[in-house]
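Peer 1: First to last, the sequence lines map onto chains A and B. If you read the first sequence in numbering that gives the first Met the number 0, its first letter stands for residue 0, the second for the next number, and so on. If you read the second sequence in numbering that gives the first Met the number 0, its first letter stands for residue 0, the second for the next number, and so on. Beta carbons are placed, not taken as given, at the ideal position from N, Cα and C, and that holds for glycine. Computed from a predicted structure; not experimentally measured.
2 protein chains.
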Amino acid sequence: MREATLRDVATRAGVSIRTVSNVVNGYAPVSDTLRAKVETALNELDYRPNLIARNLKQGRSGMLCLVVPELDVPYFAELARAVIAAGRRHGYAVMVDQTDADPVRERELLTRNSRLTLFDGLILSPLTLSAQELRERGNKTPVVLLGEHLFDGSFSHVAIDNVSAARDATEHLISLGRTRIAAVGDQPYRTGETAQLRTAGYRQALERAGLPFDPALVRPTERFHRHLGATAATALMALPSPPDAIFCYNDLLALGALRGLLTAGVRVPDDVAVIGIDGIEEGEFATPSLSTIVPDKQQIADLAVESLVALIEQGATPAPAEVRASHTLLARESTLGRA
Amino acid sequence: MREATLRDVATRAGVSIRTVSNVVNGYAPVSDTLRAKVETALNELDYRPNLIARNLKQGRSGMLCLVVPELDVPYFAELARAVIAAGRRHGYAVMVDQTDADPVRERELLTRNSRLTLFDGLILSPLTLSAQELRERGNKTPVVLLGEHLFDGSFSHVAIDNVSAARDATEHLISLGRTRIAAVGDQPYRTGETAQLRTAGYRQALERAGLPFDPALVRPTERFHRHLGATAATALMALPSPPDAIFCYNDLLALGALRGLLTAGVRVPDDVAVIGIDGIEEGEFATPSLSTIVPDKQQIADLAVESLVALIEQGATPAPAEVRASHTLLARESTLGRA
DNA sequence: CACGATGTCTGCATCGTTGCAGAGCTGCCA
DNA sequence: TGGCAGCTCTGCAACGATGCAGACATCGTG
Numbered sequence: 000m001r002e003a004t005l006r007d008v009a010t011r012a013g014v015s016i017r018t019v020s021n022v023v024n025g026y027a028p029v030s031d032t033l034r035a036k037v038e039t040a041l042n043e044l045d046y047r048p049n050l051i052a053r054n055l056k057q058g059r060s061g062m063l064c065l066v067v068p069e070l071d072v073p074y075f076a077e078l079a080r081a082v083i084a085a086g087r088r089h090g091y092a093v094m095v096d097q098t099d100a101d102p103v104r105e106r107e108l109l110t111r112n113s114r115l116t117l118f119d120g121l122i123l124s125p126l127t128l129s130a131q132e133l134r135e136r137g138n139k140t141p142v143v144l145l146g147e148h149l150f151d152g153s154f155s156h157v158a159i160d161n162v163s164a165a166r167d168a169t170e171h172l173i174s175l176g177r178t179r180i181a182a183v184g185d186q187p188y189r190t191g192e193t194a195q196l197r198t199a200g201y202r203q204a205l206e207r208a209g210l211p212f213d214p215a216l217v218r219p220t221e222r223f224h225r226h227l228g229a230t231a232a233t234a235l236m237a238l239p240s241p242p243d244a245i246f247c248y249n250d251l252l253a254l255g256a257l258r259g260l261l262t263a264g265v266r267v268p269d270d271v272a273v274i275g276i277d278g279i280e281e282g283e284f285a286t287p288s289l290s291t292i293v294p295d296k297q298q299i300a301d302l303a304v305e306s307l308v309a310l311i312e313q314g315a316t317p318a319p320a321e322v323r324a325s326h327t328l329l330a331r332e333s334t335l336g337r338a
Numbered sequence: 000m001r002e003a004t005l006r007d008v009a010t011r012a013g014v015s016i017r018t019v020s021n022v023v024n025g026y027a028p029v030s031d032t033l034r035a036k037v038e039t040a041l042n043e044l045d046y047r048p049n050l051i052a053r054n055l056k057q058g059r060s061g062m063l064c065l066v067v068p069e070l071d072v073p074y075f076a077e078l079a080r081a082v083i084a085a086g087r088r089h090g091y092a093v094m095v096d097q098t099d100a101d102p103v104r105e106r107e108l109l110t111r112n113s114r115l116t117l118f119d120g121l122i123l124s125p126l127t128l129s130a131q132e133l134r135e136r137g138n139k140t141p142v143v144l145l146g147e148h149l150f151d152g153s154f155s156h157v158a159i160d161n162v163s164a165a166r167d168a169t170e171h172l173i174s175l176g177r178t179r180i181a182a183v184g185d186q187p188y189r190t191g192e193t194a195q196l197r198t199a200g201y202r203q204a205l206e207r208a209g210l211p212f213d214p215a216l217v218r219p220t221e222r223f224h225r226h227l228g229a230t231a232a233t234a235l236m237a238l239p240s241p242p243d244a245i246f247c248y249n250d251l252l253a254l255g256a257l258r259g260l261l262t263a264g265v266r267v268p269d270d271v272a273v274i275g276i277d278g279i280e281e282g283e284f285a286t287p288s289l290s291t292i293v294p295d296k297q298q299i300a301d302l303a304v305e306s307l308v309a310l311i312e313q314g315a316t317p318a319p320a321e322v323r324a325s326h327t328l329l330a331r332e333s334t335l336g337r338a
């Protein structure tokens, strides 16, 4: 059966379509008698407003779109949850989509037939898409970027300070007295800005502590997944002079590393201390529990939604803002001091 | 700047709106000369179709909505990924929403102003919402349910066979020679049908093996989260006669239990074997790695989307189908046989 | 050359809703 | 009693797209 429309309700109640609309929206004053009649008809027909029509008329949908590379990466799942909650507080529904970490899928966002036109705004955590591409293909949908992509000033942008986050992580390892500190997750070859910033922070910390930089201790990984962390850790321990600590560029790599070290018979933290970034819940229950740098996801989500809503509601584009979210060090078992 | 409309393009190209539409959609034959003119104008104005308008006219949006309780629960995140992929194969975009495991939020789906009218169909993994409520509030949007909610025949429904999954898990523990097997995750008090089915499977396995059922070994948990698993495991080990194996109703509980046992100085699997359900990736990297019952998430997603698309596209409702997805046992370190 | 068939192109109506302007009624005051 | 507010209520137009029917030009055929 077809959904009831305002017209159906109006006919049944013997009033004008407009009056039904007024009752539904509470816009204009409606007499009690008419209101009662209309409400009866509304219930009898189980009327539900056609939001597509309303959206067309109003030129807005009240929906934001969050696009992340992979929804089953815990960091993105936790972030998505926070963004949905933040959107809700601002009166927007947030729909989540993922690109499967596929550059082609990411670029589909820019195409003529992208579903983005359905949304009032876009929060995008890009993997390979550059701000430049985004600007050139000039989608008029307001956009806020998440994560550390080349900020070229054309988009608002929310991220933690990745250099200092990585520096904090590394300095924490140094504070334990570790001197051969490995880094897992560099991405020098592609649009891996986040990774490169973390490498920079890692090197800063070494320098400040007067520790030598050994390129053999820096392991690139194509992606930030557990099994690559395990592989990298295994490879590191096979070095002639293996590390006594590993800084992983995210928690998944670190959790994989924990597992790889265990399999290799390496004790954590006694032989090798491990730290990650992301503060995902999984790390709390790992064995040993994982030390990490915790980005304030709630804050990231809030700031992103706030910026986006500002862009949407102030028609005229306010200057794109580069917003820094905070992060904190959370030391757990994987970086306990030696007994 | 306002988005360009068909009318803008038509004016610029000196043709009718209809012709522009034909070019955009490739519907009707258009001469090369006109097509060229139109395409120039399309590019100059960076035209993008207004999908809201198109959807209104066509009476469909090409979008499905997936609603889960919590997106940062790995099972749901992994499922969401599979559903998005399945939707895509069927030509639908899937948007994900979550209810924060809040019964009130779940019921909002049924209200007059639910955003569901925007979607062609709904895939719902309900927590407390019953099929009856869903039916009574009679949303006309096609719905497919996921998970084991009371199946009353009014909705299509995809789930694994929870009784046999729980039985398989328990029998696996029994096959290791364990005799005092605990169950963590029962939900006897609320609409916890899934939990209750798993309890039934657990008891079946005990019976078949001729093992006694000890109510003290069945721990209810309000939700299926890691910390509750840890608490439950700790409590179990404090019993006068503690278990030698624990069957957790999902992997998060099991991962929490692993952690709780470790903290209590209990060795897994030597002292206590542990198994979960869900097959989330996290379990592979846990220490020890987690044995689990793996539901075929890809199959669940495919079946759900297929059923839903059938409902949508065959206007007339085909009989609601109860579909069983398959599951397999994955034995890992947490249930290794004793040395 | 007349005719129908084909191939292009256009205008109108429509999807279901809301903005707007104004119609009709009532009551109040001069 | 006339006129003006103020309150309800209504009809029309519009959001931007597509379905449909038909206009017009061109072509081939007898």
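Counting only beta-carbon separations shorter than 8 Å, does A/P48 have a partner in chain B?
Peer 2: Walking along the first sequence from the start, residue 48 of chain A turns up at place 49. Taking Cβ atoms only, chain B reaches closer than 8 Å to A/P48, which makes this a yes.
Peer 1: Chain A beta carbons: is any one of them nearer than 8 Å to that of B/P73?
Peer 2: The residue you call residue 73 of chain B lines up with position 74 of the second sequence. Yes - at least one Cβ of chain A is within 8 Å of the one on B/P73.
Peer 1: I'd like to know whether the C-beta atoms of A/R179 and A/A204 end up nearer to each other than 8 Å.
Peer 2: Within the first sequence, numbered from 1, the residue matching residue 179 of chain A stands at position 180. Within the first sequence, numbered from 1, the residue matching residue 204 of chain A stands at position 205. Contact check for A/R179 against A/A204 fails: the beta carbons are separated by 8 Å or more.
Peer 1: As an exercise, report each continuous beta strand (DSSP E) stretch of at least 3 residues that is fully enclosed by the region 241–280 of chain B, in chain order.
Peer 2: Note on the region 241–280 of chain B: whole beta strand (DSSP E) runs with a minimum of 3 residues are 244–247 and 272–276, in chain order.
Peer 1: Considering only residues of the same chain and omitting the five flanking positions on each side of B/I279, which have a CB-CB separation below 7 Å?
Peer 2: Here the question's residue 279 of chain B lines up with position 280 in the second sequence. Taking C-beta separations shorter than 7 Å and ignoring five residues to either side along the sequence, the partners of B/I279 in its chain run P73, Y74, E77 and D250, following chain order.
Peer 1: Quick check on A/L238: buried or exposed, where buried means 16 or more other Cβ atoms within 10 Å of its Cβ?
Peer 2: Stepping through the first sequence from its first residue, residue 238 of chain A is reached at position 239. Counting Cβ neighbours within 10 Å, A/L238 comes out exposed, since fewer than 16 surround it.
Peer 1: Could you check where the alpha helix (DSSP H) with B/H156 kicks off and where it finishes?
Peer 2: The sequence position of residue 156 of chain B within the second sequence is 157, counting from 1. Where B/H156 is concerned, there is no enclosing alpha helix (DSSP H), although the beta strand (DSSP E) around it starts and stops at S155 to I159.
Peer 1: Distance check for A/V67 and A/L89, CA to CA, integer angstroms please.
Peer 2: Mapped onto the first sequence, residue 89 of chain A falls at position 90. Mapped onto the first sequence, residue 67 of chain A falls at position 68. Per the sequence shown, the amino acid found at residue 89 of chain A is His instead of Leu. If I take the Cα positions, the gap works out to 21 Å.
Peer 1: Closer than 7 Å by beta-carbon distance: list the chain B residues that pair up with A/Q97, in chain order.
Peer 2: As a working note, residue 97 of chain A is residue 98 in the first sequence. Per Cβ cutoff of 7 Å: R80 and I83.
Peer 1: Within the chosen definition, does the region 240–250 of chain B reach the region 269–287 of chain B through at least 3 CB pairs nearer than 8 Å?
Peer 2: yes
Peer 1: Within 10 angstroms of its Cβ, does B/Q313 collect 16 or more other Cβ (buried), or is it exposed?
Peer 2: By one-based count along the second sequence, residue 313 of chain B stands at place 314. Looking at its Cβ environment, which holds fewer than 16 other Cβ atoms inside 10 Å, B/Q313 is exposed.
Peer 1: Quick check on A/S124: does DSSP put it in helix, strand or coil?
Peer 2: Start at 1 with the first residue of the first sequence, and residue 124 of chain A comes out as number 125. Here A/S124 sits in coil by DSSP.
Peer 1: Along the chain, which unbroken stretches of the alpha helix (DSSP H) at least 4 residues long are found entirely within the region 56–107 of chain A?
Peer 2: 73–88 and 102–107
Peer 1: State buried or exposed for A/K139, treating a residue as buried only when at least 16 other CB atoms are found within 10 Å of its CB.
Peer 2: For the purposes of this step, residue 139 of chain A is taken as the residue at position 140 of the first sequence. Using a 10 angstroms sphere on the CB of A/K139, the tally of other CB atoms stays under 16, which defines it as exposed.
Peer 1: Check the DSSP bridge columns for B/H326 and list the partner residues they point to.
Peer 2: Working through the second sequence from its first residue, we reach residue 326 of chain B at position 327. Note: B/H326 sits in a beta bridge opposite B/P294.
Peer 1: Helix, strand or coil for A/V304 per DSSP?
Peer 2: Here residue 304 of chain A refers to the residue found at position 305 when the first sequence is read from its first residue. Correct three-state label for A/V304: helix.
Peer 1: By Cβ distance below 6 Å, which residues in the same chain neighbour B/S155 in space, the five residues on each side in sequence not counted?
Peer 2: For the purposes of this step, residue 155 of chain B is taken as the residue at position 156 of the second sequence. Correct list, in chain order: V143, S306, P319 and A320.
Peer 1: For a cutoff of 8 Å on Cβ pairs, would you count B/I51 as touching chain A?
Peer 2: Your numbering for residue 51 of chain B matches position 52 in the second sequence. Yes, B/I51 counts as interfacial toward chain A.
Peer 1: Roughly how many angstroms lie between the CA atoms of B/D301 and B/D160, to the nearest whole one?
Peer 2: To locate residue 301 of chain B, count along the second sequence from 1; it is residue 302. To locate residue 160 of chain B, count along the second sequence from 1; it is residue 161. Taking the straight line from one Cα to the other gives about 17 Å.
Peer 1: Under 8 Å between the Cβ atoms of B/R106 and B/L128?
Peer 2: In the second sequence, counting from the first residue as 1, residue 106 of chain B sits at position 107. In the second sequence, counting from the first residue as 1, residue 128 of chain B sits at position 129. Between B/R106 and B/L128, the gap from beta carbon to beta carbon is short of 8 Å.
Peer 1: Could you give the DSSP three-state label for A/A182: helix, strand or coil?
Peer 2: The residue given as residue 182 of chain A occupies position 183 in the first sequence. A/A182: strand per DSSP, three-state reduction.
Peer 1: Got a sec? Which residues, its chain only, sit under 8 Å from A/E283 by beta carbon, not counting five neighbours each side?
Peer 2: Counting from 1 along the first sequence, the entry for residue 283 of chain A is found at position 284. Contacts found: L289 and R331.
Peer 1: Quick one: using the 10 Å Cβ neighbour count with 16 as the cut-off for buried, is B/F212 buried or exposed?
Peer 2: On the second sequence, residue 212 of chain B is found 213 positions in, with the first residue counted as 1. Residue burial annotation: B/F212 is exposed, with fewer than 16 other C-beta atoms found within 10 angstroms of its C-beta.
Peer 1: Mind checking if B/S333 is an interface residue toward chain A, Cβ cutoff 8 Å exclusive?
Peer 2: Mapped onto the second sequence, residue 333 of chain B falls at position 334. No, B/S333 lies away from the interface with chain A (no Cβ there is under 8 Å from its Cβ).
Peer 1: Is B/V23 helix, strand or coil when you go by DSSP?
Peer 2: Here residue 23 of chain B is taken as the residue at index 24 of the second sequence, counted from 1. B/V23: helix per DSSP, three-state reduction.
Peer 1: Run through chain A and tell me which residues come within less than 7 Å of B/A76, C-beta to C-beta.
Peer 2: Stepping through the second sequence from its first residue, residue 76 of chain B is reached at position 77. Scanning chain A for C-beta atoms nearer than 7 Å to the C-beta of B/A76 yields L70, D71 and A76, reported in chain order.
Peer 1: Which word fits A/N54, buried or exposed, when buried means at least 16 other C-beta atoms lie within 10 angstroms of its C-beta?
Peer 2: As a position in the first sequence, residue 54 of chain A is number 55, starting the count at 1. Flag for A/N54 reads buried.
Peer 1: Out of B/A208, B/A79 and B/D151, state which residue places its alpha-carbon closest to the alpha-carbon of B/R177.
Peer 2: Counted from its first residue, the second sequence places residue 177 of chain B at position 178. Ranked by how close their Cα comes to the Cα of B/R177, the residues B/A208, B/A79 and B/D151 have B/A208 in first place.
Peer 1: Return no unless some Cβ of chain A is closer than 8 Å to the Cβ of B/G255.
Peer 2: Here residue 255 of chain B corresponds to residue number 256 of the second sequence, with the count starting at 1. At least one chain A Cβ lies under 8 Å of B/G255.
Peer 1: From B/A12, B/A199 and B/I16, pick the residue whose C-alpha is nearest to that of B/L5; which is it?
Peer 2: If you number the second sequence from 1, residue 5 of chain B lands on position 6. Considering only alpha carbons, the answer is B/I16.
Peer 1: Sort B/L172, B/P242, B/K36 and B/P287 by Cα distance to B/L257 and report the nearest one.
Peer 2: In the second sequence, counting from the first residue as 1, residue 257 of chain B sits at position 258. The option with the nearest alpha carbon to B/L257 is B/P287.
Peer 1: Please name the residue, chosen from B/F118, B/A130 and B/V183, that lies closest to B/L235 on a Cα-to-Cα basis.
Peer 2: Along the second sequence, one-based indexing puts residue 235 of chain B at 236. Comparing Cα positions, the closest option is B/V183.
Peer 1: Give me the chain B residues within the contact set of A/E281, using Cβ-Cβ distance strictly less than 7 Å, ordered along the chain.
Peer 2: One-based indexing of the first sequence puts residue 281 of chain A at position 282. By Cβ distance, chain B contributes E281.
Peer 1: Determine which residues share a DSSP beta bridge with B/L145 and list them.
Peer 2: Along the second sequence, read from residue 1 onward, the residue named residue 145 of chain B stands at position 146. Partner(s): B/V157.
Peer 1: Could you check where the alpha helix (DSSP H) with A/V37 kicks off and where it finishes?
Peer 2: As a working note, residue 37 of chain A is residue 38 in the first sequence. Run containing A/V37: D31 to L44, per the alpha helix (DSSP H) assignment.
Peer 1: Cβ of A/G61 within 8 Å of Cβ of A/D119?
Peer 2: The count along the first sequence starts at 1 and reaches residue 61 of chain A at position 62. The count along the first sequence starts at 1 and reaches residue 119 of chain A at position 120. Yes, these two residues count as a Cβ contact at 8 Å.
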